[in-house]
Amino acid sequence: MHLSKISAILTPVLNAAAVLSSQAPADDLSVLSSEVARANNQSLLWGPYKPNLYFGVRPRIPNSLFAGLMWAKVDNYATAQQNFRHTCEQNEGMAGYGWDEYDIRKGGRQTIHDAGNSLDLTIDFVKVPGGQHGGSWAARVKGVPRGDADPDQPTSVLFYAGLEGLGNLGVEGEPEDPRGFTGDVKLGGFTTDLGDFSIDVTSGPESNEYPEHGHPTYDEKPLDRTLVSSLTMHPEQLWQTKVIMFTQMKKEVDEMVEKYGSENPPPPYQLFTIKNEPGDGNMHLVQKVFKGSFEFDILFSSASSPQPMTSELLTEQISSASLEFSERFESVHPPQAPFDTAEYTEFSKSMLSNLVGGIGFFHGTDIVDRSAAPEYDEENEGFWEETAEARGRAQPILEGPKDLFTCVPSRPFFPRGFLWDEGFHLIPVIDWDTDLALEIVKSWLSLMDEDGWIAREQILGSEARSKVPPEFTIQYPHYANPPTLFIILEAFIDKLDAKKNASMQTYADSGVTGNLRSIFVDQPELGEAFIRSIYPLLKKHYYWYRSTQKGDIKSYDREAYSTREAYRWRGRSIQHILTSGLDDYPRPQPPHPGELHVDLMSWMGMMTRALRRIAVTIGETEDAEVFKTYETAIERNIDDLHWDDDARTYCDATIDEYEEHVHVCHKGYISIFPFLTGMLGPDSPRLKAILDLIGDPEELWSDYGIRSLSKKDQFYGTAENYWRSPIWVNINYLVLKNLYDIAIVSGPHKEQARELYSNLRKNLVENVFQEWKKTGFAWEQYNPETGSGQRTQHFTGWTSMVVKMMSMPDLPASEQKGHDEL
């Protein structure tokens, strides 16, 4: 289906927009915005929104229908049970997996190279819009034994569908043979939000083969049939589908062992099967056992759609989805020299697809400590001991349930939302699908409490908590996190400004263009209305930072332009400031209530600048003046309080034993934060020293990217070595982006910035690419000495920012003009 057909959903919206002048009444804009929101929700309703699973589909509706897949090679009694795949795991013998192509509004292809099961699995997933309930969707599941496998190896595959809330779900029709279904299996159901629907699990092509054997159990349960087990479970248990499956299998195993004895068991592929008991219930397991290669389809049809989903339609949609993805990718994120080759394009497509394919919808309660213990203000010397005691006395409560629509950093290890990660995630997304990025920003802002706080880690519901050690599940309302969502909002303002500058005609004169990826840019009035709708939340969030993370200037007789603009992360321990995002980066020792943190000061500068620009865009001139005053004070104070003339860099500050303001300098990411957040212009007197530090191979520069800590620092590579040497792609992107901004404008350091930009871009992208080729994965961080990927694998969150790096312009010569802005 062509993009124009998808955007046809917007026809009534665009027709309404066409009659609006640039001075449309607020009521009309409100109605139009609501129509756009409804159309967006229809387009985004379904997806593989359970990213913790290799394949898990659900709508963006709490307590609704969900579906997923499990599989295993079943040729051995000892290993069959542990071979079943379901949740993404770090160490399951995978040779790589993820989305090769994926567009959230259309679908795509995921390949899973399951070396442990000697199986390559391909899952094509597509969505077809239409009707009043988000349209239909389908998946084609194909398995092929790997080259080192027995070509006739037996594979057990289970599809399941469950219903968490109100409604009904059941198997339609009785099997002709009580031993199992010989043809397609059809489930039917209804919920208020989805209407009537059906799910067909097809028998697949005639080329599918099934294991045969001479054990008596084969006559009782031939494996050329599909087995269906229907049961009713407590809704809060339904997410534990693998446990449910094994419970059902155990009943069969016990019966077989009792009947035939442990000395004469059936083969493992016969033994590890469920009982064929189809019917009604809120959980349905559908099992197939194949020999060698196999294929079958899963077809979800909404009764309100114009036509039912069929295998023939699925075949068409798979082809069109791939074509449309490639065409769009070439127009939005085409890799530029020296990465404009087929292998880098394939790599970039995979990284973008995994970032977008890792978007999930989460619903559930979270755990919050609302005790507001006075110790949490961290005002006394030795405060870290007091706060530890206070946390021990706390009585956390469940809050919610809440909803969140978000990317995730890593499907196997971090399948949940992280506040500071999300701003980085959305940097490639906002170019690919601006409306999607704004939908995610809005979802995050909806989590804000009445004080303006958003928990830095979103662990919503029992399923999410199952992946987190209990000591890390509690969220504290005085804990902040870098406000990276404001990077995305500032990027959106850039797009609005560019659109306005491109044409000063009214939309009635120039005609209306747009689709569900970019309507908030194509129609700037709608974009401004969106920003205006979230502006009160943005202000509340900003002032929460100003009040809860303020630093102390007056008590210690510090000299600064402003007596107000200084900031300190709360949540400090001796070795860590988890709230900063740079967990174990060296900080002043011992911790002191008079500490000031240059990275938080820089984030506040970025946040203030973004809010000022937003206020200007929506005509809040008085607010804009206030924010400008704050911004100027932060720019002045960051030099007054954090610049160290001897070290020639920015440093954290603390109070020494003589109650004097002193700097504690650990050169690394912290030292360059004013540069990273765009606070140093091309003529800044501090810029040369920062560029020298970045480019010094004895300090931060490496052949693979910018190190998190200087090689000369006493803490380099020590202790847990999380942010004490490794290369992180998110911070390196900020380095690269700001080098580019310096390199394309006149200034004394243009040539130095250009050379650093060109070499850093090449080093970063080549290394992430080579590690992807070698291991099959993107990684959380990279070793500065070897370039090796390390820590968490399948880290397709902010490491996917290499997509943006590849599409940035090449600057091979000193004189470059006319480059597009990033």
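With mature numbering (1 follows the signal peptide of the UniProt record, and there is no 0) as the guide, the letters of the sequence shown map in order to residues -16 to -1, 1 to 806.
Quick reminder that beta carbons are idealized off the backbone N, C-alpha and C, glycines included.
In this text the structure is predicted, and so the values were computed from the model without any measurement.
Which of helix, strand or coil DSSP assigns to residue i
i, result
"ILE503", "helix"
"GLN442", "strand"
"ASP417", "coil"
"MET54", "strand"
"GLU279", "strand"
"TRP404", "helix"
"ILE458", "strand"
"GLU158", "coil"
"SER310", "helix"
"PHE323", "coil"
"VAL237", "helix"
"LEU693", "strand"
"MET663", "coil"
"PHE514", "helix"
"VAL787", "helix"
"ILE228", "helix"
"GLU76", "coil"
"residue 807", "Limits of the chain in this structure are -16 at one end and 806 at the other, which puts residue 807 out of reach."
"TYR688", "coil"
Beta-carbon proximity list for residue i, same chain, < 8 Å, skipping 5 on both sides
i, result
"VAL413", "LEU339, VAL340, CYS391, LEU420, ALA421, ILE424"
Residue range of the beta strand (DSSP E) that includes residue i
i, result
"TYR202", "Premise fails: TYR202 lies in the alpha helix (DSSP H), 201 to 204, not in any beta strand (DSSP E)."
"ARG775", "773 to 777"
"SER214", "211 to 215"
"PRO252", "Careful: PRO252 lies outside any beta strand (DSSP E), inside the alpha helix (DSSP H) at 252 to 255."
"PRO385", "381 to 390"
"VAL41", "40 to 43"
Beta-bridge partners of residue i, as assigned by DSSP
i, result
"PHE174", "ASN152, ASP180"
"ILE107", "GLN94, VAL125"
"LYS534", "TYR551"
"THR638", "VAL646"
"GLN271", "LEU142, LEU211"
"HIS347", "ASP387"
"TYR86", "GLY92"
"PHE284", "TRP121, ILE183"
"ASP481", "Note: ASP481 sits in no beta bridge, so no partner."
"LEU37", "THR71"
"GLU193", "LYS275"
Other residues of its chain near residue i: CB distance less than 6 Å, five sequence neighbours each side excluded
i, result
"TYR328", "PRO319"
"ARG516", "ILE602"
"GLN7", "Only weak support exists for where GLN7 lies, its pLDDT of 42 falling under 50; the coordinates are left without a value."
"ASN47", "GLU148, GLY149"
"PRO575", "TRP368, ARG556"
"SER686", "PRO768"
7 Å Cβ shell around residue i - same chain, five flanking residues per side excluded
i, result
"residue 845", "This structure leaves residue 845 out entirely; the chain is present only between -16 and 806."
"SER285", "SER120, PHE181, SER182, PRO292, MET293"
"ARG745", "LEU720, MET789, MET792"
"ARG354", "ILE381, PRO461"
"SER502", "THR418, ASP419"
"ALA513", "LEU13, SER17"
"HIS199", "PRO250, PRO251, GLN254"
"GLU682", "LYS695, LYS696"
"GLU619", "GLY589, MET663"
For residue i, the first and last residue of its enclosing alpha helix (DSSP H)
i, result
"ASP624", "605 to 626"
"GLY436", "No alpha helix (DSSP H) holds GLY436; DSSP gives it neither H nor E."
"GLN765", "GLN765 -> not in any alpha helix (DSSP H); beta strand (DSSP E) instead, spanning 763 to 766."
"GLY341", "326 to 341"
"ASN714", "713 to 727"
"TYR741", "734 to 759"
"ASN67", "64 to 67"
"PRO702", "Position check: residue 702 holds Thr in this sequence, whereas Pro was assumed. Run containing THR702: none; DSSP gives neither H nor E here."
"LYS672", "671 to 679"
Does the region 163 to 176 come into contact with the region 56 to 76, if we say contact requires no fewer than three beta-carbon pairs (one atom in each stretch) closer than 8 Å? no
Measuring CB atoms only, is the region 328 to 335 touching the region 782 to 793, in the sense that at least three cross pairs come out at less than 8 Å? yes
contact_flag[the region 241 to 261, the region 269 to 279] where n(CB pairs < 8 Å) is 3 or more: yes
Any chance the region 649 to 668 sits against the region 720 to 739, with 3 or more Cβ pairs inside 8 Å? yes
Touching or not, the region 467 to 477 and the region 588 to 595, by the rule of three or more beta carbon pairs under 8 Å? yes
Pairing CB atoms from the region 237 to 254 with CB atoms from the region 308 to 325, are three or more of them under 8 Å? no
Are the region 103 to 120 and the region 24 to 34 in contact at 8 Å, needing three or more beta carbon pairs? Cβ pair count under 8 Å is three or more, so yes.
For the structure I just gave you, are there three or more beta carbon pairs, one from the region 696 to 709 and one from the region 564 to 579, closer than 8 Å? yes
Between the region 40 to 58 and the region 89 to 104, do at least 3 Cβ pairs fall closer than 8 Å? yes
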